[in-house]
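What follows is a single structure, written as structure tokens, with notes after it.
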Amino acid sequence: MNLASFPGGCADLEEPDWSILIPNKGKSAAGANDKWRDYAHREWLRTTAALRENGTLANENRHQIQRLVIAYVRYDRSVAEFFRIGLITKASITQVPMINICHSEMRAAVDDATKAEMELGIPPRRRGAWP
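When we follow my numbering, the leftmost residue of the sequence shown carries the number 1156, and every step to the right adds one.
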């Protein structure tokens, strides 16, 4: 019997259950997060494929990959909300104009993604860089 080996190993790396990590909010259609779970799944596949190709995919990195994917989802959700609402919003109680909180969440998600990418050996500054 011949077994196929994959560069980087970890053919059995289990993908997280995105329905647990990205649950629906409430019971309304507006709270459905199916598209974000699907997006997380696609990012998981893209990231693990890149790590496998580089030979750095390992079971020990599973949680770090999960954090990276969640940071991507957080960023893209915040961007969508930011453009829907705009830069300036009004405080819910005082109605005083304020910066949209999604702006802060976008920045935090970028920081989290950058750190996770660096830990996994895929820092964005080096992507596409000449050797």
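The C-beta atom is built at its ideal place from N, Cα and C for all residues, glycine as well. These figures come from a predicted structure and were not determined experimentally.
Residue i to residue j, Cα distance in whole Å?
i, j, result
"residue 1193", "residue 1217", "18 Å"
"residue 1234", "residue 1267", "15 Å"
"residue 1175", "residue 1188", "11 Å"
"residue 1237", "residue 1257", "6 Å"
"residue 1254", "residue 1242", "6 Å"
"residue 1275", "residue 1169", "17 Å"
"residue 1239", "residue 1260", "15 Å"
"residue 1226", "residue 1252", "28 Å"
"residue 1204", "residue 1211", "10 Å"
By the three-class DSSP mapping on this structure, what secondary structure does residue i have?
i, result
"residue 1202", "helix"
"residue 1240", "helix"
"residue 1225", "helix"
"residue 1179", "coil"
"residue 1271", "helix"
"residue 1188", "coil"
For residue i, which option in the options has the closest C-alpha, if you only look at C-alpha atoms?
i, options, result
"residue 1191", "1239, 1273, 1177", "1177"
"residue 1196", "1172, 1277, 1231", "1172"
"residue 1271", "1250, 1201, 1224, 1199", "1224"
Output the boundary residues of the beta strand (DSSP E) element that contains residue i.
i, result
"residue 1254", "1252-1254"
The alpha helix (DSSP H) with residue i in it runs from where to where?
i, result
"residue 1247", "Taken as a continuous stretch (DSSP letters only), residue 1247 belongs to no alpha helix (DSSP H), as it is neither H nor E."
"residue 1175", "1173-1176"
- Message: Pairs of beta-carbons, one from the segment 1244-1251 and one from the segment 1219-1227, closer than 8 Å: are there three or more?
- Response: In the pairwise beta carbon analysis, the segment 1244-1251 is classified as not touching the segment 1219-1227: fewer than three pairs are separated by under 8 Å.
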